[in-house]
Amino acid sequence: MAERVDFENLVAAYYEPLYGFAFSLARDEADACDLVQQTFCIWANKGHQLRDTSKVKTWLFTTLHREFLGERRKQSRFPQVEIEFASAELPTVAPASVNRLDAAQVLDALARLDDIYQAPVALFYLQDFSYNEIAETLGVPLGTVKSRLTRGLGRLQNLLADVQPQPPKP
Amino acid sequence: MSRDEAKIIFQLYRPGTADTQDPQIAEALALAENDPELARWLEEHCARQNTLREKFRKISAPAGLKEQIISEQAAFSKTKARREKYVAVAAVAAIVVSLAFLSQFWMPSGSGDDSTFSIYQGRMAGVALRGYSMDLTTNDPAQIRAYLAQQDAPSDYVLPAPLQKMAMTGCAVEGWQNAKVSMICFHTGKPLPPGQQADLWLFVVDRGSVKNVPALNSPQFAKVNQLITAAWSRDGKLYLLGTSGDESAIKQFL
Chain A
1 MAERVDFENL
11 VAAYYEPLYG
21 FAFSLARDEA
31 DACDLVQQTF
41 CIWANKGHQL
51 RDTSKVKTWL
61 FTTLHREFLG
71 ERRKQSRFPQ
81 VEIEFASAEL
91 PTVAPASVNR
101 LDAAQVLDAL
111 ARLDDIYQAP
121 VALFYLQDFS
131 YNEIAETLGV
141 PLGTVKSRLT
151 RGLGRLQNLL
161 ADVQPQPPKP
Chain B
1001 MSRDEAKIIF
1011 QLYRPGTADT
1021 QDPQIAEALA
1031 LAENDPELAR
1041 WLEEHCARQN
1051 TLREKFRKIS
1061 APAGLKEQII
1071 SEQAAFSKTK
1081 ARREKYVAVA
1091 AVAAIVVSLA
1101 FLSQFWMPSG
1111 SGDDSTFSIY
1121 QGRMAGVALR
1131 GYSMDLTTND
1141 PAQIRAYLAQ
1151 QDAPSDYVLP
1161 APLQKMAMTG
1171 CAVEGWQNAK
1181 VSMICFHTGK
1191 PLPPGQQADL
1201 WLFVVDRGSV
1211 KNVPALNSPQ
1221 FAKVNQLITA
1231 AWSRDGKLYL
1241 LGTSGDESAI
1251 KQFL
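Order-wise, the sequence lines are chains A and B.
Quick note: the first sequence, position 13, residue 13 per the numbering used here, numbers continuous.
So the numbering used here is basically just the index in the second sequence, starting at one, shifted up by 1000.
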């Protein structure tokens, strides 16, 4: 039962990955901290309702994502993009170019993606979530997740191809 | 599956993860084993994916975030527990007060006993005020006493001298618990409202049938409903006289 999940152990296990997800969405340290804190606060109040403790991780990420969307008061629709239409988004960036970028530039590129692509791409890279876990976390069908990932990853890499690597610090 | 289709599918492929369990990726990987060009493309793709994963994972939480979350939650839990304790205490207090209030209506008690003197006073005053039918209409005291005796109602009553001079108009037998009450009606001489045959009433009952009767060695006066009453006790009988007016109005009959 969820009651048996120790709060401190839960925080210790998930605050880092949740912060990474929150920061990749919010792009602001204070906002990301607030999102993580709010997520654990909701867990403290409602976590006991979760019967399957194996779903704790998904529950936390889902809650954080919902809080983020709530904060943004986002009203956009989420059209399903078929994988065929994503074929034109094949990346052109070379691995060596990516390697010269720093994390901030990658996150800047992520922030320039449409909102519907940001969360699945972040979960894809940050947590190695399976496709099913990403679908469950975001509350969308598996096919939709794959479509968004295909298009979002392609666009991200195209954006990264245009980014000038940061000069090395003296 | 063509080479280009495989490349699109590989977009979602992260080396070293459970992605290989995806049927489409498994099929694309199998194709790459036999396609050197696709294999080279896949190698570049995997390098790019690994690099991007590393970049994303360089995001680290600010120092102290974990401790802040835990400490703030602990403080919140403490406040919540205290608030719940107060609410529980208040709820218990409210229940106790409610039960105490309701028990006045539900629980039998001395004051709630319907066989007491005060209840008797109210009941008899109600009979006089709210209407009755006389069993016997007569101005003959002897006939009234005889009738009451015949009904096994108290008939050996002793009237105060002033009352003996008042005109009787009849009598009735009322019930009180398991006892009979003799009701003797008088007319004081004042004009009576239409349909009314008396304006002074005497109730006599065995004293033992009424609980909590005070000493009543001398008449005790009380306003009951719209009547002024005088109660006294003599020779095991309880007398209750009632009329309209004030205490002086009733004293003239005692």
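For each residue, glycine too, the CB sits at the ideal point set by N, CA and C.
Just so it is clear, the structure is predicted and the values come from calculations on it, not from any experiment.
Beta-carbon proximity check, residue i vs residue j, cutoff 7 Å
i, j, result
"residue 1032(B)", "residue 1039(B)", "yes"
"residue 106(A)", "residue 1055(B)", "yes"
"residue 1117(B)", "residue 1213(B)", "yes"
"residue 15(A)", "residue 1058(B)", "no"
"residue 1153(B)", "residue 1173(B)", "yes"
"residue 1024(B)", "residue 1008(B)", "no"
Integer Cβ distance of residue i from residue j, believed to fall under 8 Å
i, j, result
"residue 123(A)", "residue 156(A)", "Not confirmed; about 13 Å, so no contact."
"residue 1233(B)", "residue 1216(B)", "4 Å"
"residue 142(A)", "residue 135(A)", "5 Å"
"residue 119(A)", "residue 138(A)", "6 Å"
"residue 42(A)", "residue 58(A)", "Wrong, their Cβ atoms sit about 14 Å apart, outside the cutoff."
"residue 1157(B)", "residue 1237(B)", "6 Å"
"residue 60(A)", "residue 39(A)", "6 Å"
"residue 1168(B)", "residue 1141(B)", "6 Å"
"residue 1252(B)", "residue 1162(B)", "6 Å"
"residue 116(A)", "residue 66(A)", "With a Cβ gap of about 15 Å, residue 116(A) and residue 66(A) do not count as contacting."
"residue 29(A)", "residue 21(A)", "No, residue 29(A) and residue 21(A) are not in contact; Cβ-Cβ is about 14 Å, not under 8 Å."
"residue 1022(B)", "residue 131(A)", "7 Å"
"residue 1125(B)", "residue 1229(B)", "7 Å"
Bridge-paired residues (DSSP) for residue i
i, result
"residue 8(A)", "In the DSSP output, where bridge partners are listed per residue, residue 8(A) has none listed."
"residue 1228(B)", "1223(B) and 1243(B)"
"residue 1206(B)", "1237(B)"
"residue 1180(B)", "1175(B)"
"residue 1116(B)", "1211(B)"
"residue 43(A)", "In DSSP, residue 43(A) forms no bridge with anything."
"residue 1187(B)", "1167(B)"
"residue 1020(B)", "Answer by DSSP bridge pairing: none, since residue 1020(B) is not bridged."
"residue 1137(B)", "1170(B)"
"residue 1201(B)", "1185(B) and 1242(B)"
Among the options, the one whose alpha carbon lies nearest that of residue i
i, options, result
"residue 104(A)", "13(A), 21(A), 27(A) and 18(A)", "27(A)"
"residue 1205(B)", "1189(B), 1187(B), 1218(B) and 1231(B)", "1231(B)"
"residue 121(A)", "101(A), 154(A) and 50(A)", "154(A)"
"residue 1003(B)", "1077(B), 1046(B) and 1028(B)", "1028(B)"
"residue 1048(B)", "1037(B), 1011(B) and 1019(B)", "1011(B)"
"residue 109(A)", "161(A), 128(A), 54(A) and 13(A)", "161(A)"
"residue 1014(B)", "144(A), 163(A), 129(A) and 152(A)", "129(A)"
"residue 1121(B)", "1176(B), 1235(B), 1247(B) and 1053(B)", "1176(B)"
"residue 1178(B)", "1053(B), 1189(B), 1044(B) and 1207(B)", "1207(B)"
"residue 1235(B)", "1044(B), 1130(B), 1016(B) and 1155(B)", "1155(B)"
"residue 163(A)", "102(A), 29(A) and 44(A)", "102(A)"
"residue 1139(B)", "1248(B), 1115(B), 1075(B) and 1188(B)", "1188(B)"
"residue 1001(B)", "1030(B), 1021(B) and 1245(B)", "1030(B)"
"residue 45(A)", "1170(B), 1143(B) and 1077(B)", "1077(B)"
"residue 1119(B)", "1248(B), 1018(B) and 1209(B)", "1209(B)"
"residue 25(A)", "52(A), 71(A), 13(A) and 150(A)", "71(A)"
"residue 1006(B)", "1017(B), 1041(B) and 1016(B)", "1041(B)"
"residue 1219(B)", "1046(B), 1019(B) and 1250(B)", "1250(B)"
"residue 1129(B)", "1197(B), 1096(B), 1074(B) and 1083(B)", "1197(B)"
"residue 1018(B)", "133(A), 56(A) and 47(A)", "133(A)"
Say whether the stretch 5-13 of chain A touches the stretch 1063-1072 of chain B, bearing in mind that this needs 3 or more beta-carbon pairs closer than 8 Å, one atom from each stretch.
-> yes
Specify whether the stretch 1056-1067 of chain B and the stretch 16-36 of chain A touch according to this definition: at least 3 beta carbon pairs, one from each stretch, less than 8 Å apart.
-> yes
Should the stretch 1126-1138 of chain B be called in touch with the stretch 1172-1192 of chain B, which here means at least 3 C-beta pairs below 8 Å?
-> yes
So does the stretch 1075-1095 of chain B actually touch the stretch 1192-1199 of chain B, counting three or more Cβ pairs closer than 8 Å?
-> no
Is the stretch 1237-1251 of chain B touching the stretch 1196-1216 of chain B, taking contact as three or more C-beta pairs under 8 Å?
-> yes
Hey, is the stretch 1214-1226 of chain B in contact with the stretch 1146-1153 of chain B, meaning 3+ C-beta pairs nearer than 8 Å?
-> no
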